[in-house]
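Everything in the sequence shown is counted per numbering that gives the first Met the number 0, starting at 0 for the first residue and increasing by one. Each residue gets a CB set at the ideal place from its N, CA and C atoms; glycine is no exception.
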Amino acid sequence: MAKKFMISISILLLSFAVFAESPHGLVVKEAFARATPPGLTSSAAYLTVINNSKEDFVIIGANCPMAMAAELHEDIKNSDGSASMKHLRQVRVPAHGKVSFAPMGKHIMIMGLKQALVKGKELKLSLLLSNHQQIPVVAKIH
Ligand SMILES: [Cu+2]
């Protein structure tokens with residue numbers, strides 16, 4: 000009986016360890032944001048989200064305490080050759096897959112910055128998932 004109890008305790012501790020490392024199975028890598036030139040109050044953040052779990056995750060938005068708003072965007076080229084951006088309602092990160100937010104593609108648009116983004120400092124933001132979890136991200140400012 001005591002032995003059985005010990006085993007359940009260790010399983011419990013083990014699951015706690017896994018939980019602490021990655022509560023959702025998602026890992027964010029290479030997060031960076033662009034420094035803002037004087038007078039500009041918007042910027043973009045880039046990152047790669049790796050899904051190590053066997054279920055899909057859906058990113059439905061972003062949050063940035065240093066700005067009025069943060070949105071999922073994608074650069075697009077219009078038929079007349081001009082460039083613009085569109086607002087993405089969601090970005091799916093497939094099981095055992097990854098999604099890159101990179102220049103010329105997807106980005107986290109940061110709007111209404113309350114302070115300038117200075118090269119060498121960090122920008123904190125979080126990604127919001129459809130399951131109501133939030134993934135904290137620290138982006139190095141380039
Ligand atoms: Cu944008």
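Residue i: which of the options sits nearest, CA to CA?
| i | options | result |
| --- | --- | --- |
| Val48 | Asn130, His131 and Ser125 | Ser125 |
| Ser41 | Val136, Ala115 and His131 | Ala115 |
| Leu112 | Pro37, His23, Glu29 and Lys28 | Pro37 |
| Ala44 | Leu128, Asn130, Met110 and Ser83 | Met110 |
| Thr145 | Lys85, Gln133, Ala66 and Ala82 | What the structure shows of the chain is the stretch from 0 to 141, and residue 145 is not part of that stretch, so it cannot be assessed. |
| His153 | Ile58, Ser78 and Ile140 | Here the chain covers residues 0 to 141 and nothing more, so residue 153 does not appear. |
| Leu128 | Asn62, Glu29 and Leu46 | Asn62 |
| Glu70 | Leu46, Leu39, Arg88 and Ser99 | Arg88 |
| Val117 | Lys28, Val27, Leu39 and Leu25 | Leu39 |
| Val27 | Pro64, Ile134 and Ile140 | Ile134 |
| Ser52 | Pro64, Leu25 and Asp74 | Leu25 |
In terms of residue numbering, what span does the beta strand (DSSP E) encompassing residue i cover?
| i | result |
| --- | --- |
| Leu25 | Leu25 to Ala32 |
| Glu121 | Glu121 to Leu128 |
| Met84 | Ala82 to His86 |
| Lys53 | First-last for Lys53: undefined, no H or E at that position. |
| Gln132 | Taken as a continuous stretch (DSSP letters only), Gln132 belongs to no beta strand (DSSP E), as it is neither H nor E. |
Measure the CB-CB distance between residue i and residue j and report whether it falls below 8 angstroms.
| i | j | result |
| --- | --- | --- |
| Ala138 | Ala32 | yes |
| His72 | Met108 | yes |
| Asn50 | Lys105 | no |
| His229 | Phe56 | What the structure shows of the chain is the stretch from 0 to 141, and residue 229 is not part of that stretch, so it cannot be assessed. |
According to DSSP, which residues form a beta bridge with residue i?
| i | result |
| --- | --- |
| Val48 | Val27 and Val98 |
| Leu112 | Ala66 |
| Lys149 | It is not possible to answer for residue 149, since the shown part of the chain is limited to 0 through 141. |
| Leu39 | Paired residues: none, contrary to the question. |
| Ile142 | In the structure as shown, the chain starts at 0 and stops at 141, and residue 142 therefore has no counterpart that could be examined. |
> Can we say the segment 114 to 124 touches the segment 82 to 94, given the rule of at least three CB pairs closer than 8 angstroms?
Replying inline: With a cut-off of 8 angstroms on Cβ pairs, the segment 114 to 124 is not in contact with the segment 82 to 94, counting fewer than three such pairs.
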